[in-house]
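Heads up: the sequence shown is residues 0 to 514, going by numbering that gives the first Met the number 0.
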Amino acid sequence: MLSQVWSSATHGVEALPVEIETNVASGMRGLSVVGLPRAAVRESFDRVRAALENNGVPVEWGRITINLAPADVPKESAAFDLPMAVGWVAASTDLVPETVLDRYWLTGELALDGTVRPVNGVLPMAMKAREEGCDGVLVPAENAAEAAVVEDLTVFPIENVTDAFDVLEEPGGDSSPSPFTNDMTALYENARQYTRDMQDVRGQENVKRALVVAAAGGHNALMVGPPGSGKTMLARRVPTILPPLSSDEALETTKIHSVSGELQSENGLLATRPFRAPHHTISDAGLCGGGAHPSPGEISLAHNGVLFLDELPEFQRRVLEVLRQPMEEGRITISRAQSTVTYPAQFMLVASMNPCPCGHLNDPNQECVCTPSQVQRYLGKISGPLMDRIDLHVEVTPVDFEDMSAERTGARSETIRERVVDARTQQEQRFSEEEVHCNAQMGAQAVQTHCDLDDAGSNLLRTATDRLGLSARGYTRILKVARTIADLEQTSEIQPDHVSEAIQYRSLDRDWWNG
0 MLSQVWSSAT HGVEALPVEI ETNVASGMRG LSVVGLPRAA VRESFDRVRA ALENNGVPVE
60 WGRITINLAP ADVPKESAAF DLPMAVGWVA ASTDLVPETV LDRYWLTGEL ALDGTVRPVN
120 GVLPMAMKAR EEGCDGVLVP AENAAEAAVV EDLTVFPIEN VTDAFDVLEE PGGDSSPSPF
180 TNDMTALYEN ARQYTRDMQD VRGQENVKRA LVVAAAGGHN ALMVGPPGSG KTMLARRVPT
240 ILPPLSSDEA LETTKIHSVS GELQSENGLL ATRPFRAPHH TISDAGLCGG GAHPSPGEIS
300 LAHNGVLFLD ELPEFQRRVL EVLRQPMEEG RITISRAQST VTYPAQFMLV ASMNPCPCGH
360 LNDPNQECVC TPSQVQRYLG KISGPLMDRI DLHVEVTPVD FEDMSAERTG ARSETIRERV
420 VDARTQQEQR FSEEEVHCNA QMGAQAVQTH CDLDDAGSNL LRTATDRLGL SARGYTRILK
480 VARTIADLEQ TSEIQPDHVS EAIQYRSLDR DWWNG
């Protein structure tokens with residue numbers, strides 16, 4: 000007999016429908032699994048057999064052929080255990096009605112006692128299942144909250160392999176598990192809470208201002224200052240002043256974390272901006288994604304959020320150089336012999352570094368012990384092209400005693416976020432007919448259209464360009480930042496003082512990096 004069961008395979012961050020065809024023929028016992036199965040899939044049948052036997056589920060033995068179609072897509076997950084078990088039972092008994100199998104997709108790894116274990120990539124599968132018009136999905140109970148964020152799709156939580164047969168025999172019946180549901184409005188409200196606040200940072204008002212500008216326009220920022228001046232503390236609070244994730248952004252972000260196995264939310268949804276802070280020993284594959292079987296890297300896990308690189312010069316130079324493409328294009332393409340995948344990587348880069356190896360260059364309280372050549376070698380670890388792609392360069396000074404001992408001052412993150420949202424709203428209206436969402440993403444044509452300067456502003460920018468020796472990219476960055484500063488002040492025209500402040504955020508570029 001022949002049965003057909005539906006599941007999915009992950010390609011990049013998208014799910015591809017996979018049809019599991021199981022044929023049981025009479026003759027000597029044997030098994031053949033075809034359709035580009037990886038080791039985890041080839042080993043599935045032993046887990047499936049033990050799970051069914053230990054739960055008393057009847058099956059027919061013979062010459063068993065399992066085909067995973069389409070045959071040219073690699074299958075590398077233990078998530079095919081549950082659909083293979085259902086396919087085998089359906090092909091050898093009448094326990095599962097044939098009319099039901101086309102209406103539901105299944106996924107899950109089986110333990111030897113029949114327990115269904117959680118798997119990665121459930122959210123992309125649920126989204127694809129709804130797109131294909133199926134009635135619902137059967138997923139491990141621990142993945143049910145994740146699948147249930149997809150609206151208009153029935154999600155059955157499966158704890159044991161026998162639960163799957165109860166659902167398929169009578170979906171929604173008394174003996175089958177009840178569908179899992181989410182209150183999406185309450186879910187978003189509960190998941191959008193931050194534990195940190197920008198008001199926790201004492202002093203550093205100039206740096207806070209720069210980070211507000213960066214958040215308002217989606218600009219990359221670099222903080223340069225001695226150890227203990229609060230760079231990391233400030234960076235960790237940047238997500239709290241960014242606009243809230245939209246529902247589409249939340250689903251897209253959650254999907255990436257689901258595929259990579261990084262989804263830790265009990266709600267099954269990431270509703271806050273991700274913050275990723277990889278260690279400086281990370282490899283290029285770890286940062287940008289890759290491996291023998293490509294998976295998302297840190298820059299994709301930071302999609303729609305913040306990527307924080309602490310002690311920027313300590314990262315290997317070749318690792319930093321691979322950032323250049325995603326910083327410009329908002330995605331990263333990974334090519335391997337068998338496949339090419341593209342991951343989204345629209346992140347805001349926030350980096351920090353010491354001004355020299357000892358960290359005390361230009362520190363008013365401690366003397367620097369580094370030689371000029373040591374300082375130049377240290378700064379030379381960061382290439383000019385990478386620096387050009389960082390819009391704001393901010394000098395961070397040590398916090399004095401009065402600021403450290405004072406009560407919390409300054410605006411709360413919630414108040415700052417309102418100003419940022421107002422600025423972003425202006426940008427969305429401005430770019431409503433373009434594929435641009437914030438000022439940092441403007442191309443050359445958009446900059447020319449939306450960043451007009453008056454004579455005073457043009458003269459000021461011309462003088463700064465000559466004195467600082469800015470590249471064409473640096474010149475464009477100043478215009479983008481000036482446009483953002485004007486948006487924060489809710490003005491349609493870029494004024495000379497907006498240009499002046501934007502130039503200030505590029506002054507470290509040529510003061511400390513020559514050429």
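Beta carbons are placed, not taken as given, at the ideal position from N, Cα and C, and that holds for glycine.
Is R62 helix, strand or coil when you go by DSSP?
Reduced to three states, the DSSP call for R62 is strand.
By a C-beta neighbour count over all protein chains shown, 10 Å radius and 16 as the cutoff for buried, is D247 buried or exposed?
Exposed: under 16 other Cβ atoms inside 10 Å.
At the level of alpha carbons, what is the spacing between Y193 and C367?
Roughly 38 angstroms separates the two Cα atoms.
Under 8 angstroms between the Cβ atoms of V393 and V206?
Yes, they are a contact pair.
Could you tell me whether the segment 434-450 touches the segment 230-241, using the rule of 3 or more Cβ pairs below 8 angstroms?
In short, these stretches do not touch, since the Cβ pair count stays below three.
When you compare the CB positions of Q198 and S412, do they come within less than 8 angstroms of one another, or not?
Yes, they are a contact pair.
Report yes if the CB atom of A532 is closer than 8 angstroms to the CB atom of V118, and no otherwise.
Outside the shown range of the chain (0 to 514) lies residue 532, about which nothing can therefore be said.
Under the rule that 16 or more other beta-carbon atoms within 10 Å means buried, what is R37, buried or exposed?
The residue is exposed, with fewer than 16 neighbouring Cβ atoms inside 10 Å.
Kindly indicate which three-state DSSP category V149 falls into: helix, strand or coil?
Coil.
For the alpha helix (DSSP H) that contains T464, what are its first and last residues?
Its alpha helix (DSSP H) spans residues 454-467.
Mind checking N513: buried by the 16 CB within 10 Å criterion, or exposed?
With a pLDDT of 45 at N513, under the threshold of 50, the modelled position of that residue is not reliable, and the figure given next carries that caveat. Flag for N513 reads exposed.
In angstroms with no decimal places, state the Cα-to-Cα distance between S7 and A50.
Distance between the alpha carbons of S7 and A50 is about 21 angstroms.
Taking just the CA atoms, how far does S177 sit from I484?
Cα to Cα, I484 sits roughly 53 angstroms from S177.
Starting from E204, trace the alpha helix (DSSP H) both ways and give me its first and last residue.
E204 -> alpha helix (DSSP H) spans 204-216.
Within 10 angstroms of the Cβ of V33, are there 16 or more other Cβ atoms? Answer buried if so, exposed if not.
Result: exposed.
Please state the DSSP three-state secondary structure of K74.
Strand, per DSSP.
Quick check on G296: buried or exposed, where buried means 16 or more other Cβ atoms within 10 Å of its Cβ?
Answer is buried; the Cβ neighbour count reaches 16.
Here's the rule: buried if 16 or more other CB atoms are within 10 angstroms of the residue's CB, otherwise exposed. What is G132?
G132 should be labelled exposed.
Going by the beta-carbon positions, is the gap between P238 and V305 smaller than 8 angstroms?
Yes; because the gap between Cβ atoms is below 8 angstroms, this pair is in contact.
For M352, write down the residues that DSSP places opposite it in a beta bridge.
Bridge partners of M352: V223.
Is the beta carbon of S2 less than 8 angstroms from the beta carbon of G61?
Their beta carbons are not under 8 angstroms apart, which means S2 does not touch G61 by this criterion.
Reducing DSSP to helix, strand and coil, say where R116 ends up.
DSSP places R116 in strand when its eight states are reduced to three.
Measure from the alpha carbon of V515 to the alpha carbon of each residue in L30, V374, E158, P170, then state which is nearest.
Because the chain in this structure spans residues 0 to 514, residue 515 falls outside the shown range and cannot be described.
Any heavy atom of the ligand HEM within a distance shorter than 7 angstroms of the CB on L111?
The ligand HEM is not part of the structure shown, which contains no ligands of any sort.
Helix, strand or coil for I381? Go by DSSP, reduced to three states.
Here I381 sits in coil by DSSP.
Within the continuous alpha helix (DSSP H) that includes F44, where are the two ends?
43-53 is the span of the alpha helix (DSSP H), which, as asked, contains F44.
Quick check on the DSSP output: the beta strand (DSSP E) that includes H10 runs from which residue to which?
Segment 1-10, the beta strand (DSSP E) holding H10.
Going by alpha carbons, who is nearest to T92 out of V56, P73, M347?
Among V56, P73, M347, the Cα nearest to that of T92 belongs to V56.
What separation, rounded to the nearest whole angstrom, lies between the Cα atoms of A144 and E75?
When rounded, the distance between both Cα atoms is 24 angstroms.
Less than 8 angstroms between the C-beta atoms of N303 and N189, yes or no?
No, Cβ-Cβ distance for N303 and N189 is not below 8 angstroms.
Tell me which same chain residues have a C-beta within less than 6 angstroms of the C-beta of E20, skipping the five on either side of it?
Excluding sequence neighbours, E20 sits near Q3, N66.
Do you know how far the Cα of N159 is from the Cα of P139?
If I take the Cα positions, the gap works out to 8 angstroms.
With 16 other CB atoms within 10 Å as the buried threshold, where does R476 fall?
The residue is buried, with at least 16 neighbouring Cβ atoms inside 10 Å.
Would you grab the beta carbon distance between V220 and I333 for me? Rounded to a whole angstrom, and I think it's under 8 angstroms.
Rather than Val, the amino acid found at residue 220 in this sequence is Ala. Contact doesn't hold; Cβ gap of about 27 angstroms is too wide.
Under three-state DSSP, which class holds E108?
E108: strand per DSSP, three-state reduction.
Name the one or two DSSP bridge partners that E394 has.
Looking at the DSSP assignment, E394 forms a beta bridge with V223.
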